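S.K.: I have a structure I would like to understand better, so I am pasting it below and will then ask my questions one at a time.
2 protein chains.
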Amino acid sequence: MTQYRLTPLAQSLPATVPFVGPEAQERQLDRVFDARLGANENVFGPSPRAIAAMADTGHWMYGDPESFDLRAALAAHHGADMGNIVVGEGIDGLLGYMVRLFVEKGDAIVTSDGAYPTFNYHVAGFGGTLHKVPYKDDHENPEALFAKAAEVDAKLVYLANPDNPMGTWHTGAALARAMNLLPQGTLLILDEAYVDTAPEGTALPLDWSDPRVVRMRTFSKAYGMAGARVGYAIGAPELITAFHKVRNHFGMNRAGQEGALEALADTVWHRDVVAKIDAARQRIAEIARQNGLAPLPSAANFVAIDCGADGAFAKRVLDGLITRGIFVRMPFVAPQNRCIRVSCGTPENLDAFAAALPEALRDAKRG
Amino acid sequence: MTQYRLTPLAQSLPATVPFVGPEAQERQLDRVFDARLGANENVFGPSPRAIAAMADTGHWMYGDPESFDLRAALAAHHGADMGNIVVGEGIDGLLGYMVRLFVEKGDAIVTSDGAYPTFNYHVAGFGGTLHKVPYKDDHENPEALFAKAAEVDAKLVYLANPDNPMGTWHTGAALARAMNLLPQGTLLILDEAYVDTAPEGTALPLDWSDPRVVRMRTFSKAYGMAGARVGYAIGAPELITAFHKVRNHFGMNRAGQEGALEALADTVWHRDVVAKIDAARQRIAEIARQNGLAPLPSAANFVAIDCGADGAFAKRVLDGLITRGIFVRMPFVAPQNRCIRVSCGTPENLDAFAAALPEALRDAKRG
């Protein structure tokens, strides 16, 4: 075996994937899922205008490395300046750049225990030391996160609002108040991937140039373009400029840039999809209750369902659903892992889920 | 001004872009280019089968993080194992991962003076020390590169074959012989982005699992899918596995994965495009000669044209072309910067180039 001269940090990293994809599970099960409800995708899809724009793209041309037109449209949409915005290869890619800019070996970073594993993957990948704070009543706990950040002198603190995997949320006003506890020298990464399906007032009501926070947004959720990989970060221009030091300038696919422009413009489709997601959330909750389970309130495009016992039990429910062709996921960490997490689907998807859940529960109770 | 707590390395990096995109130049000039011949894109575009596949993609779904189907097809195409192949967000993205895996502050890396700037951008971005070797007669010089690697104990040496920006090439057999000089402990990154338009025998004729080399390939050039951002690396399984430690597992756009599958399968289209590229190379060379300039032989999808004087003169020719609506680029470093670099275009593109070049030359000679 050749000994490659990886950096000591790279040597120490496992070759893991934060999530196993549904395709890998399908290959393993040798069947196609009837309902794909595990990755918080948006089964209602993007605006037809976005689909048409992506189909008509001149694929032979590199995308504009500045994503100028998309940033201009986003700036107008948000009432921000173009200098407040950087577009990247999904929030995952942007989180990687953020961590790379800020974190070297031993730097302290704070997140919730059970929050987004891909953020943790990036922190480990750059040698940071992750400090975790427990959820509080299935909500992320901003006050505890910021207190921990002060305690360990964290460079970054990660907080998703609405939260994934629980779907719970805080009002933007409450978050803004909590930010008074954010220590100087700690930057808040506020992941607002799911804010488009949340009640009015969930977005943080602070100036886009507030230097204490960088906000992450995406076209993967409410806009239905997960496959296109278009995310963006909004923050103070000085911070946004730092991305240009390290980002893959020609990394954006051109179809994604052009599709996102149209998706943003088609406000009628967007409102309709958000309404469909809301209806699906209610249906999932109803199915849960019909089976004697407790759905958590959700502002996201999924619902966490409390299976009423421990993580081992929820895992059996999950396995029972998967073997019945229903792709779902579940939180990784106790006590949240007493739940399964079901993404909003079409009425047909949810019929399939409703049919499979009683059987999965019956098998899970048998142990 | 807030002082963000970037790492010392990130603090030290400039917020530069390796290349300014043509769209930025168009915005500055307030006109659209008549011929887009500067980024070595493939104006003949992808196979209609690839275009259809990209249009039909379920954009709402994340791409398969394993790119399983595409890797299986590539393995069959190359006579390799799937474990030899990792798919990534273009060669640019894969080069970034390679550098991240191998390079920390002060590590020695070798490349040619005037070779691919994006590789240099990544090396600087991870704190590596770049050692450069001059071109020899407008060719990259493998023997000198490998001797320099031995001298500085380089972890990585970068070599493009065919070369960009000159278009020149070595036979695979000659490269394989030169590799006897590659020091133990140095890994060769062989960028074969342009190998699909090169003469038979240009690809390195070594086993895909040879531990001394990792090869970079792309769908951006002969396959005409630059906008889709699909590249791949081929190497020993142990090396390929290391990518999984750091890559953005869900970074691939789904349309790109599915389009690449079809592009690879449509061998008729591929052969036809390669023939068109060859015809365009000949036409560019002819236009150059008609203007008293010397085209360099090229195995790539562009031709470097020696403007017969220094870099300042070539820059004036380039500026004259750009103001006349012809987007071209030029090498950055002397003596290669006596050339301009013209990508293969349609007959109409090259008519426009042929019309603009005499005027640009006339103005350049006036100084």
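Protein chains in written order, with the working numbering: chain A, 4 to 370; chain B, 4 to 370.
Yeah, the Cβ is synthetic: ideal placement off N, Cα and C, and Gly gets one too.
What you are looking at is a predicted structure, and each value in this text was computed from that prediction instead of being measured.
Looking at C-alpha atoms only, which residue of B/P11, B/T270 and B/A283 is the closest neighbour of B/F129?
M.R.: For B/F129, the nearest C-alpha among the options comes from B/P11.
S.K.: I'd like to know whether the C-beta atoms of B/K224 and B/N304 end up nearer to each other than 8 Å.
M.R.: In this structure, B/N304 lies closer than 8 Å to B/K224 by Cβ.
S.K.: Could you check if B/R369 is buried or exposed, using at least 16 other CB atoms within 10 Å of its CB as the buried criterion?
M.R.: Exposed, because fewer than 16 other Cβ atoms sit within 10 Å of the Cβ of B/R369.
S.K.: Around the C-beta of A/P350, are 16 or more other C-beta atoms found within 10 angstroms, so that it is buried, or is it exposed?
M.R.: Exposed, since its Cβ has fewer than 16 Cβ neighbours within 10 Å.
S.K.: Just by C-beta distance, which residues in the region 139-169 of chain B are closer than 7 Å to chain A?
M.R.: Here the close residues are K158.
S.K.: Count the other C-beta atoms from every protein chain shown that fall within 10 angstroms of the C-beta of A/E289, then say buried if there are 16 or more, exposed otherwise.
M.R.: Exposed, by the Cβ-count rule.
S.K.: Taking only the alpha-carbon atoms, compute the straight-line gap between A/K151 and A/N144 and give it to the nearest angstrom.
M.R.: Taking the straight line joining both Cα atoms gives about 11 Å.
S.K.: Do you know offhand how far A/A291's Cα is from A/A363's?
M.R.: Their Cα atoms are separated by approximately 12 Å.
S.K.: Excluding five sequence neighbours on each side, which residues of the same chain lie with their C-beta closer than 8 Å to the C-beta of B/N294?
M.R.: Excluding residues within five positions, the ones whose Cβ falls inside 8 Å are L360, P361 and L364.
S.K.: Please say whether A/M228 and A/G254 have beta carbons closer to each other than 8 Å?
M.R.: Cβ distance not < 8 Å, so A/G254 and A/M228 don't count as in contact.
S.K.: Grouping DSSP H, G and I as helix and E and B as strand, with all else coil, what is B/V216?
M.R.: The answer is strand: DSSP assigns B/V216 an E or B state.
S.K.: Ignore the nearest five residues each way along the sequence and tell me which others in B/G68's own chain have a CB closer than 8 Å to its CB.
M.R.: Position check: residue 68 of chain B holds Pro in this sequence, whereas Gly was assumed. Cβ neighbours of B/P68 beyond the five flanking positions: H252, F253 and M255.
S.K.: Indicate the three-state DSSP secondary structure (helix, strand or coil) for B/T326 in the structure shown.
M.R.: B/T326 falls in the helix class under three-state DSSP.
S.K.: When DSSP labels each residue in this structure, what does A/L209 get in the three-state scheme?
M.R.: Reduced to three states, the DSSP call for A/L209 is coil.
S.K.: What does the alpha-carbon distance come out to for the pair B/M124 and B/L73?
M.R.: According to the sequence as given, residue 124 of chain B is Tyr; it is not Met. In a straight line, the C-alpha of B/Y124 is about 29 Å away from that of B/L73.
S.K.: Could you tell me which chain A residues have their CB closer than 8 Å to the CB of B/V249, listed as they occur along the chain?
M.R.: Result: A13, L16 and G128.
S.K.: I want to see whether chain B comes within less than 8 Å of A/Y257, judged by CB atoms only; does it?
M.R.: Residue 257 of chain A is actually Arg in this sequence, not Tyr. It does: the Cβ of A/R257 has a partner Cβ on chain B nearer than 8 Å.
S.K.: When you check each C-beta in the region 74-103 of chain A against every C-beta of chain B, which residues fall closer than 8 Å?
M.R.: If the cut-off is 8 Å between Cβ atoms, the region 74-103 of chain A has E92, G93, D95, G96, G99 and R103 near chain B.
S.K.: Pull up the distance between the alpha-carbon of B/I325 and that of B/A312, whole angstroms please.
M.R.: Near 19 Å, if we compare the C-alpha coordinates of B/A312 and B/I325.
S.K.: Start and end of the beta strand (DSSP E) containing A/L371?
M.R.: As shown, chain A starts at 4 and ends at 370. That puts residue 371 of chain A outside it, with no answer to give.
S.K.: Quick check for students: name the residue ranges of the alpha helix (DSSP H) that lie wholly in the region 26-65 of chain B, counting only runs of 4 or more.
M.R.: For the region 26-65 of chain B, whole alpha helix (DSSP H) runs of length 4 or above, ordered along the chain, are 51-59.
S.K.: Could you tell me the distance, in whole angstroms, from the CA atom of A/D354 to the CA atom of A/A127?
M.R.: Cα to Cα, the separation comes out at about 40 Å.
S.K.: Would you tell me roughly how many angstroms separate the C-alpha atoms of A/G66 and A/R257, rounded to the nearest one?
M.R.: Those two C-alpha atoms are separated by around 4 Å.
S.K.: Smallest Cα separation from B/T121: which of B/K108, B/A111 and B/L97?
M.R.: That would be B/L97, whose Cα lies nearest to the Cα of B/T121.
S.K.: What residues from chain B crowd round A/V306, counting only those whose CB sits closer than 7 Å?
M.R.: Result: empty, since nearest Cβ-Cβ is about 18 Å, beyond 7 Å.
S.K.: At the level of alpha carbons, what is the spacing between B/A337 and B/A177?
M.R.: In a straight line, the C-alpha of B/A337 is about 26 Å away from that of B/A177.
S.K.: Could you confirm whether any beta carbon from chain A is found closer than 8 Å to the beta carbon of B/W211?
M.R.: Judged by the 8 Å Cβ criterion, B/W211 is not in contact with chain A.
S.K.: Closer than 7 Å, Cβ to any Cβ of chain B: which residues of the region 330-348 of chain A, in chain order?
M.R.: From the region 330-348 of chain A, no residue has a Cβ closer than 7 Å to chain B.
S.K.: Just confirm the distance between the C-beta atoms of A/I287 and A/V320, as a whole number of angstroms; I'd bet it's less than 8 Å.
M.R.: About 14 Å separates the two Cβ atoms, so there is no contact after all.
S.K.: What's the call for A/H62, buried or exposed, on a 16-neighbour Cβ count within 10 Å?
M.R.: Its Cβ being crowded by 16 or more others within 10 Å, A/H62 is buried.
S.K.: Inspect the CB distances between the region 45-57 of chain B and the region 207-215 of chain B and report whether three or more fall short of 8 Å.
M.R.: Short answer: they don't touch.
S.K.: A/K3 lies in the alpha helix (DSSP H); which residues open and close that run?
M.R.: Here chain A covers residues 4 to 370 and nothing more, so residue 3 of chain A does not appear.
S.K.: Report the rounded CA-to-CA distance for B/F335 versus B/T19, giving the unit in angstroms.
M.R.: Using only the alpha carbons, I get a separation of about 15 Å.
S.K.: Determine, using beta carbons only, whether A/D309 and A/R341 come nearer to each other than 8 Å.
M.R.: In contact: A/D309 and A/R341 (Cβ atoms closer than 8 Å).
S.K.: Can the beta-carbon of A/I192 be found closer than 8 Å to that of A/M219?
M.R.: In this structure, A/M219 lies closer than 8 Å to A/I192 by Cβ.
S.K.: Just to confirm my understanding: we take A/A266, look at its own chain, exclude 5 residues before and 5 after, and list those with CB closer than 7 Å. What are they?
M.R.: Correct list, in chain order: P49, S50, A53, F222, Y226 and M228.
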